[in-house]
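Take a look at the structure set out below.
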């Protein structure tokens with residue numbers, strides 16, 4: 003049954019619309035997500051941060067503890083929160099059949115004790131010198147043997163099942179597959195599965211079963227109301243299994259995390275016994291039958307959608323109320339492990355998170371992820387990726403500074419492409435927050451005093467976090483970095499370079515040289531291009547290097563990220579005649595042969611790209627007309643465009659729309 007702390011990512015819509023009216027911009031909004039790109043880190047170690055432990059369906063056990071101990075909720079209220087729409091009913095104390103995977107599937111070995119019985123008849127006890135019995139399969143059924151003086155001897159032939167019980171203690175001790183002994187309440191059934199195997203099943207009253215389950219699933223030291231909620235959830239889950247056992251099946255449930263943990267008498271604890279007794283027979287039902295009450299260790303702050311109407315996604319204020327290491331966690335994965343998991347990709351290059359469930363920090367649990375390499379790509383579910391590397395859940399995000407994506411340009415932490423611009427009249431910096439579907443959610447202030455710079459541009463994820471940053475060049479040629487925050491604003495800048503006045507254009511290009519870090523490209527008036535590699539921590543890595551000449555013939559040069567679908571950063575360049583060229587990046591700081599991809603672009607005053615703006619996993623281009631109309635040119639993922647459409651008006655109120 004085992005398998006995050008939510009953040010408010012947007013201001014309330016009325017405030018956003020009010021800001022839009024002030025800015026004179028037309029907005030439209032529809033929610034969606036955008037693909038996230040995480041290049042291979044320079045040290046080949048991907049740092050992963052995540053939330054929750056388990057599938058996230060139904061009750062969080064840490065959440066139940068928080069609800070009981072911190073919020074003082076009753077066990078009934080806890081269950082009502084995690085399983086909305088279900089009802090409590092007393093379904094009595096019927097029997098439950100538990101497949102004992104811990105015993106194995108060969109031969110069943112039973113420890114002899116006074117009162118041991120076979121099919122209701124007393125067996126020779128220890129006083130007769132018999133220390134063990136065994137049930138093994140034969141061609142006709144089962145053979146029961148006894149261990150006497152260290153030698154096995156035939157005792158009796160038996161039809162399947164052979165049923166062992168105790169008339170004195172009510173407990174039967176069997177040998178596990180590792181040779182250790184374990185005692186179980188009720189009866190032990192040896193079911194012939196084949197001529198070489200026996201399936202062992204523990205059959206006992208539901209309330210006796212729960213005495214061994216509850217403390218295995220939840221620490222017995224936790225708050226009594228959390229334990230009671232666990233007892234009811236476990237009773238309901240077992241009842242659902244029992245109700246859905248197929249005809250002819252010899253068991254209802256199992257003893258592992260695939261069902262519920264069940265370790266027999268040794269697991270029992272007085273506090274858990276009290277919780278079982280206090281809720282005796284109480285079962286959550288839906289439509290009059292036991293509900294599928296899945297539960298897990300922690301959900302990280304959001305429950306996940308399950309297979310039943312009452313397993314809905316909702317924010318969970320109780321998970322994390324008691325500090326623990328399962329609400330939030332961090333781990334790492336080496337590139338070598340990724341390549342071993344999927345050798346067909348060749349050398350690992352990047353991770354692409356294609357979709358999330360939309361609930362919680364960073365967009366929530368990963369639904370689909372792609373792993374790209376030198377020889378190909380594989381796409382798998384988030385759960386498959388998590389299982390491959392032992393992650394605690396599929397709610398995760400790469401967080402090390404050498405793997406933060408520069409595209410989409412994300413300024414508020416929601417992993418959707420945003421746009422920054424400067425109000426001409428005031429010099430105020432404005433954030434137009436993208437909705438990931440080719441529209442907007444809000445416009446808000448992001449900073450002040452941005453009207454006097456010689457150059458102003460986005461820098462991608464230049465610092466050690468996953469939020470895009472801003473760079474500005476002052477008239478004296480100094481270059482300043484203004485780090486972005488998850489609140490959608492920038493903080494006070496710091497000087498990071500001098501002598502930048504010799505360039506007439508500086509453009510952010512994301513990871514252009516393939517080292518997993520965001521870079522800059524600068525152009526002199528003579529047309530020389532220079533690459534400035536970033537260090538992922540707010541500065542530069544190594545010496546700059548010249549990567550091209552003759553670029554003074556272009557009126558605009560910018561990067562959309564990967565525009566042709568080969569997972570390498572590209573450049574787009576516009577001539578004075580309005581011709582638009584694609585310069586495909588080669589992934590190591592240069593490019594392949596350029597090609598003409600469109601014409602008529604001289605009608606636009608500004609051309610920029612924030613990466614994937616409409617949520618289709620392909621990089622797009624935004625273009626501002628001279629009348630202030632803003633156009634979206636969706637990329638087709640192969641170096642061209644789909645049909646453009648208008649996504650805003652009034653954008654001529656801005657002196658600069660940041661590239």
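Numbering (this note's numbering), first residue to last: 3 to 661. Where a beta carbon is used, it is the ideal one built from N, C-alpha and C, also for glycine. Only a predicted model underlies this, so the values are computations on that prediction, with no experimental measurement involved.
| Query | Result |
| --- | --- |
| Between the CA atoms of residue 56 and residue 296 - distance to the nearest angstrom | 10 Å |
| For residue 607 and residue 306, the rounded distance between their alpha carbons | 45 Å |
| Same chain, Cβ closer than 6 Å to residue 169, neighbours up to 5 away in sequence not counted | 117 and 119 |
| Separation of residue 362 from residue 83, as counted between CA atoms | 18 Å |
| Residue 249 versus residue 387 - alpha carbon distance | 35 Å |
| Neighbour-count burial assignment, residue 148, 16 or more Cβ in a 10 Å radius | buried |
| Cβ separation of residue 365 and residue 58, assumed to be a contact under 8 Å, to the nearest whole Å | Wrong, their Cβ atoms sit about 14 Å apart, outside the cutoff. |
| Any beta strand (DSSP E) of 3 or more consecutive residues that is wholly inside the stretch 550–585 | 556–563, 572–577 and 582–585 |
| Residue 508 vs residue 655 beta-carbon contact at 8 Å | no |
| Beta-ladder partner(s) of residue 139, from DSSP | 144 |
| With 16 other Cβ atoms within 10 Å as the buried cut-off, status of residue 139 | buried |
| Status (buried if at least 16 other CB within 10 Å, exposed otherwise) for residue 497 | exposed |
| Spatially closest choice to residue 367 from 397, 383 and 355, by CA coordinates | 397 |
| Euclidean distance between Cα positions of residue 440 and residue 356 | 16 Å |
| Burial state of residue 613 (16 or more Cβ within 10 Å) | buried |
| Exposed unless 16 or more other CB atoms sit within 10 angstroms - verdict on residue 647 | exposed |
| Same chain, Cβ closer than 7 Å to residue 465, five either side skipped, listed in chain order | 471, 485, 539 and 540 |
| In DSSP terms, what residue 662 is bridged to | Residue 662 falls outside the range modelled here, since the chain spans only 3 to 661, and no answer is possible. |
| Whole-Å CB distance - residue 269 paired with residue 214, under 8 Å assumed | 5 Å |
| Three-state secondary structure assigned by DSSP to residue 473 | strand |
| Boundaries (first-last residue) of the alpha helix (DSSP H) holding residue 386 | 384–390 |
| Pairwise C-alpha distance: residue 113 and residue 309 | 42 Å |
| Buried/exposed call for residue 637, threshold 16 Cβ in 10 Å | buried |
| Other residues of its chain near residue 576: CB distance less than 7 Å, five sequence neighbours each side excluded | 556, 557, 558, 582, 603 and 609 |
| Integer Cβ distance of residue 320 from residue 159, believed to fall under 8 Å | With 8 Å as the limit, residue 320 and residue 159 do not qualify as a contact, their Cβ atoms being about 57 Å apart. |
| Rounded separation between residue 105 and residue 155 - CA only | 22 Å |
| Identified DSSP bridge partners for residue 38 | 355 |
| Selection from 561, 344 and 376 that minimises the alpha carbon distance to residue 459 | 561 |
| Presumed contact (8 Å Cβ cut-off) between residue 100 and residue 275, rounded CB distance | Rounded, the Cβ-Cβ distance is 18 Å, inconsistent with contact. |
| Beta-carbon contacts of residue 504 that lie in its chain and below 8 Å, excluding the five residues immediately before and after | 479 and 526 |
| Beta-carbon proximity list for residue 143, same chain, < 8 Å, skipping 5 on both sides | 159, 160, 161, 162 and 194 |
| Chain-order list of residues whose beta-carbon lies under 6 Å from that of residue 65 (same chain, five-residue window excluded) | 318, 320 and 321 |
| Where residue 402 falls: helix, strand or coil (DSSP) | coil |
| Rounded separation between residue 187 and residue 134 - CA only | 18 Å |
| CA-to-CA distance, residue 266 to residue 196, given in whole angstroms | 26 Å |
| Whether residue 273 touches residue 229 by CB criterion (8 Å) | yes |
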